[in-house]
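Residue numbers (the UniProt record's numbering), protein chains in the order written: chain A, 1 to 205; chain B, 1 to 205.
The structure appears below as structure tokens.
Number of protein chains: 2
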Amino acid sequence: MARKSGSSGEKTRAMVEEAATRLIARHGFAAVSMRQIAREVGVQAGALYLYTPDKQSLLKDIMRGHLQHLLESWAAQAPDPDLPAAARLERFVRFHIDYHILRAEKVFISYMELRNLDCDNFAEIERLRRSYEHILEEILISGAAEGVFHHTDTRLTTLAMIAMMTGVSTWYRDDGRLPPDAITTRYVDMAFRLAGGEPLAEAAE
Amino acid sequence: MARKSGSSGEKTRAMVEEAATRLIARHGFAAVSMRQIAREVGVQAGALYLYTPDKQSLLKDIMRGHLQHLLESWAAQAPDPDLPAAARLERFVRFHIDYHILRAEKVFISYMELRNLDCDNFAEIERLRRSYEHILEEILISGAAEGVFHHTDTRLTTLAMIAMMTGVSTWYRDDGRLPPDAITTRYVDMAFRLAGGEPLAEAAE
DNA sequence: GTCTATACACCGATAGAC
DNA sequence: GTCTATCGGTGTATAGAC
């Protein structure tokens, strides 16, 4: 009624996810306890169970939220499918690197903690991850059909390019040698090399 | 049976490392308990402390053993430093991929469990990992000096190439689409693309 | 070299007061 | 919505018998 206790719930929920993300990214899912997360939020351990049925669901929700946001972000700025594959590849690489620099923690978790999901949860997350890989694979196929890309093996090139780009989140630091946009530009260049195509003029340095 | 009076310490030591490697690769360091490892070996948990002062040293020894073996294996078959950089790059890529397919578990652990090392142990392992990266970096520098490689940024190309190649161990399966030597050949091709050089004749398909 | 037994802290999760 | 208290179980690591 006159209580305002309901307003604190959503705020706490966000703090739980934020704290869990930070701690899991730093120490790993198995190494982080519910008590640690609760301490970080400033509540007791039992209170966490108002927001998640169990510990693993917390992990799954972080991963699913990340991958859904990744896919939605791409969908919101995806280039016209009728554009040349080279332009679409550049857009995809820029999107991927920028996103992985900006949201390194959730990217890291979604990549490293897959083995902590049970069978059903793994299948759901894996499906989302695959559909993201397919975006790149389709661009590479289009480029080969246009004759502008000359990769030998589309699936392997996709996996290699994703691995190469995602690796950025394992070493990127805000105070590193290169600013983010310089890193992105260099990765665009390397992606074109991998695909066997000539980089766009404005992507070259 | 009260005890295995005839059993050998060295044999048990090897079994402990083997079991720990398999379990940690599968479930992650933090998720594996000393009791689990002991059960796998067929001893009691307390007996493990005959072979390691604590749990983390078990992890560090697996990592250090892996990286030392990696560096020694390369040293044993490293090409003459006076050979052209292109030949040395091909040799390095073949070595790296073959090794990472053959010893996927230890490779996986050494890349995924770094955060479970304390400061001193991390520094020791990181030093070994760096010296491995420097092998590739030196080859790329030589190739640029020879004029056969045309990468824009040596350090970034090194990191990208290592990430691309090491990614193999995250998806490789014995019953996969391609046999190991076909995978290796395709990665040699992609490495030359990344370095901005022409592949050797015998590496092309 | 391996065992049994155990210390004792911490785990995930639940129950019920307020 | 958050608290305290608590359950049953497991964690790493050690002590001392044989």
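Even for Gly, the Cβ is constructed at its ideal location relative to N, Cα and C.
Asked	Found
Any chain B beta carbon closer than 8 angstroms to residue 27/A	yes
Separation of residue 82/A from residue 69/B, as counted between CA atoms	50 angstroms
8 angstroms Cβ cutoff met for residue 89/B and residue 42/B	no
Residue-chain proximity (residue 121/A, chain B), Cβ-Cβ < 8 angstroms	no
Where residue 66/A sits in the DSSP three-state scheme	helix
Unbroken stretches of the alpha helix (DSSP H), 4 residues or longer, contained in the UniProt domain "HTH tetR-type" (10 to 70) of chain B	34 to 41
Candidates 137/B, 108/B, 11/B, 127/B: closest to residue 171/B by CA position	108/B
Rounded straight-line distance, which links the Cα of residue 9/B to that of residue 58/A	43 angstroms
When 74/A, 16/A, 92/A, 63/A are compared against residue 185/A, the one with the closest alpha-carbon	92/A
Whole-Å CB distance - residue 140/B paired with residue 158/B, under 8 angstroms assumed	6 angstroms
Inter-residue Cα distance where the pair is residue 161/B and residue 12/A	42 angstroms
Partners in chain A for residue 189/B, counting only beta-carbon separations shorter than 7 angstroms	152
Simplified DSSP assignment, three categories, for residue 113/B	coil
Any C-beta of chain B under 8 angstroms from that of residue 12/A	no
Candidates 36/A, 71/A, 169/A, 66/A: closest to residue 55/A by CA position	36/A
Test: residue 157/A CB closer than 8 angstroms to a CB of chain B	yes
Neighbour flag for residue 103/B against chain A, beta carbons, 8 angstroms	no
Residue 5/A (DSSP reduced to helix, strand or coil)	Model confidence at residue 5/A stands at a pLDDT of 45, short of 50, so the residue's coordinates are unreliable; what they give is reported in the following sentence. Three-state DSSP puts residue 5/A in a helix.
C-beta atoms of residue 33/B and residue 71/B nearer than 8 angstroms	no
Residue-chain proximity (residue 143/A, chain B), Cβ-Cβ < 8 angstroms	no
Opening and closing residue of the alpha helix (DSSP H) in which residue 120/A lies	119 to 146
Under 8 angstroms (Cβ pairs) to chain A, residues found in the UniProt domain "HTH tetR-type" (10 to 70) of chain B	26, 27, 28, 29, 30, 31
Extent of the continuous alpha helix (DSSP H) run through residue 158/A	154 to 166
Beta-carbon neighbours of residue 163/B, restricted to chain A and to distances below 7 angstroms	163, 164, 167
Alpha-carbon to alpha-carbon, residue 67/A and residue 79/B	43 angstroms
Host alpha helix (DSSP H) of residue 179/A (start-end)	Taken as a continuous stretch (DSSP letters only), residue 179/A belongs to no alpha helix (DSSP H), as it is neither H nor E.
Close Cβ partners of residue 198/A (< 6 angstroms) along its chain, the five nearest in sequence each way excluded	none
Proximity test, Cβ basis, 8 angstroms: residue 203/B and chain A	Reliability of the predicted coordinates at residue 203/B is poor, the pLDDT of 46 falling under 50, and no value is obtained from them.
Listed by chain order, chain B residues near residue 194/A by CB distance under 7 angstroms	190, 193, 194
Residue 27/B versus 112/B, 195/B, 164/B, 133/B, residue with shortest Cα-Cα distance	112/B
Supposed contact pair residue 125/B and residue 64/B - C-beta distance, whole angstroms, cut 8 angstroms	6 angstroms
Under 9 angstroms from the C-beta of residue 130/B: neighbouring residues of chain A	By Cβ distance, chain A contributes nothing, its closest Cβ being about 12 angstroms from residue 130/B, past 9 angstroms.
Within-8 angstroms CB hit, residue 7/A to chain B	With a pLDDT of only 42 at residue 7/A, under the threshold of 50, the placement of this residue in the model should not be trusted, and no figure is reported.
Alpha-carbon to alpha-carbon, residue 29/A and residue 22/B	19 angstroms
Euclidean distance between Cα positions of residue 102/B and residue 74/B	14 angstroms
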